[in-house]
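Below: one structure, written as structure tokens.
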Amino acid sequence: MKTIQQEVRWHTVSAEESGQRIDNFLIAQLRGVPKSLVYRIVRKGEVRANKKRIKPDYKLKEGDLIRIPPVKVNERPDLPSANLEQVAALEHAILYEDDALMLINKPSGVAVHGGSGLQFGLIEGLRALRPKEKSLELVHRIDRDTSGLLLVAKKRSVLRSLHEQLRNKEMNKQYLALVRGQWQKRVRSVEAPLKKNTLKSGERIVRVDAEGKASLTRFRIQQRYKEGTLVEASPVTGRTHQIRVHALHAGHPIAKDPKYGDTDFDNTMSRLGLNRLFLHAWQLRFLHPVTGKEVAFEAPLDDNLQQTLKQLTAQ
Numbered sequence: 001m002k003t004i005q006q007e008v009r010w011h012t013v014s015a016e017e018s019g020q021r022i023d024n025f026l027i028a029q030l031r032g033v034p035k036s037l038v039y040r041i042v043r044k045g046e047v048r049a050n051k052k053r054i055k056p057d058y059k060l061k062e063g064d065l066i067r068i069p070p071v072k073v074n075e076r077p078d079l080p081s082a083n084l085e086q087v088a089a090l091e092h093a094i095l096y097e098d099d100a101l102m103l104i105n106k107p108s109g110v111a112v113h114g115g116s117g118l119q120f121g122l123i124e125g126l127r128a129l130r131p132k133e134k135s136l137e138l139v140h141r142i143d144r145d146t147s148g149l150l151l152v153a154k155k156r157s158v159l160r161s162l163h164e165q166l167r168n169k170e171m172n173k174q175y176l177a178l179v180r181g182q183w184q185k186r187v188r189s190v191e192a193p194l195k196k197n198t199l200k201s202g203e204r205i206v207r208v209d210a211e212g213k214a215s216l217t218r219f220r221i222q223q224r225y226k227e228g229t230l231v232e233a234s235p236v237t238g239r240t241h242q243i244r245v246h247a248l249h250a251g252h253p254i255a256k257d258p259k260y261g262d263t264d265f266d267n268t269m270s271r272l273g274l275n276r277l278f279l280h281a282w283q284l285r286f287l288h289p290v291t292g293k294e295v296a297f298e299a300p301l302d303d304n305l306q307q308t309l310k311q312l313t314a315q
């Protein structure tokens, strides 16, 4: 792909753009530029707000005059073709869409964004499908192996409103997980601090650690089976791998979890046909940023999860 050398640009921050961090703003403005370069030009003082040096976490204010230095950028946004089979399939994953937001039933195995060797992720695919939408942004994330509801904002003001609901714990997210063993009825929540770790192999893993961040997940039994328990999990905090690690901490790892699973349990589930992590974001409730009314959405389990449940023996 050809690159072009930009000249210095001056950008006046609009009301819609205010409130976001300068690094995120630049990453969106300079599509095709590595994030490492974006952070470097900010640290070196090449990016300025109102002629003053700023830090990467500086939050834009309406009316700010931003200096964007000359950098080499891709001539076209580095997006996949909308005709690619994987991208076109995302159209069928859209459960709801209006002028403010989109609700996606993300398939298992699809990363929410590109990187780590992936050419593109779900958000890049959606941008290819909706080229006229200039501000498509993920409101939250779910793991690559997890399926289910993912919320995407179409406007900065909508993104800010939904992020505020997340911070204030006004957004309710419910997951379904099939776990090993018989979940104890008295265990209605798991509150354990979580800390990210990087192994020598480079793999990132999360563990319960006293020095970690406070984390809370509520659990409720949905159905008991001879082979395990279907539980509903509601994360109060939003840490990486939170439900998966909290389930393991409670003694009930999730079926077919490649990082935190139990080999014998996973082998049993494989024989029943399960070929993926049994964790699905099935319900989402929040206040619509435009109407102010509470809305609720549900995403059905995919065929593999449904067929697996049919193979289990109910108690």
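Counting in full-length UniProt numbering, the sequence shown runs from 1 upward without gaps.
All C-beta atoms in this analysis are idealised placements derived from N, C-alpha and C, irrespective of residue type, glycine included.
For residue 88, the secondary structure class from DSSP, reduced to helix, strand or coil, is helix. The alpha-carbon of residue 173 is positioned some 43 Å away from that of residue 8. For the region 216-271, the full-length beta strand (DSSP E) segments reaching 3 residues or more read 216-224, 228-235 along the chain. Under a 10 Å Cβ-count criterion, residue 256 is classified as buried, with 16 or more other Cβ atoms of the shown protein chains found around its own Cβ. If you check the CB distance, residue 149 and residue 284 come in under 7 Å.
Cβ contact annotation for residue 61 (same chain, cutoff 6 Å, sequence separation greater than five): 18, in chain order.
Put simply, of 50, 286, 312, 295 the residue whose alpha carbon is nearest the alpha carbon of residue 265 is 312. In the structure shown, the three-state DSSP call for residue 105 is strand. With fewer than three CB-CB distances shorter than 8 Å, the region 35-55 does not count as touching the region 90-100.
Ranked by how close their Cα comes to the Cα of residue 147, the residues 29, 134, 212, 103 have 103 in first place. Within the same chain, 178, 222, 223 come within 6 Å of residue 230 by CB-CB distance, once the 5 residues on both sides are set aside.
DSSP, read as helix, strand or coil, puts residue 58 in coil. In this structure residue 190 does not touch residue 113 by the C-beta definition: roughly 28 Å separates them, more than the 8 Å allowed. When C-alpha distances from residue 305 are compared across 298, 293, 274, the shortest belongs to 274. Beta-bridge analysis with DSSP links residue 288 to no other residue. In this structure, the beta-carbon distance from residue 31 to residue 57 does not fall below 7 Å. One thing to note: residue 153 has its Cβ within 7 Å of the Cβ of residue 139. Note that the region 195-209 does not touch the region 105-112; fewer than 3 beta-carbon pairs, one per stretch, sit closer than 8 Å.
Of all C-beta pairs linking the region 238-252 to the region 183-200, three or more are shorter than 8 Å, placing the two stretches in contact. Going by DSSP, residue 298 is part of the beta strand (DSSP E) stretching over 294-298.
Residues 154 of the same chain have their beta carbon placed closer than 6 Å to that of residue 133, with the five preceding and five following residues left out of the count.
A straight-line Cα-Cα distance of about 14 Å links residue 164 and residue 151. In the three-state DSSP reduction, residue 197 falls in the strand class (E or B).
Within 10 angstroms of the beta-carbon of residue 63 lie fewer than 16 other beta-carbons, which makes it exposed.
Residue state for residue 212 is assigned as coil, using DSSP reduced to three classes. Straight-line spacing of the CA atoms in residue 135 and residue 289 works out to 16 Å.
A straight line joining the alpha-carbon of residue 238 with that of residue 250 spans about 18 Å.
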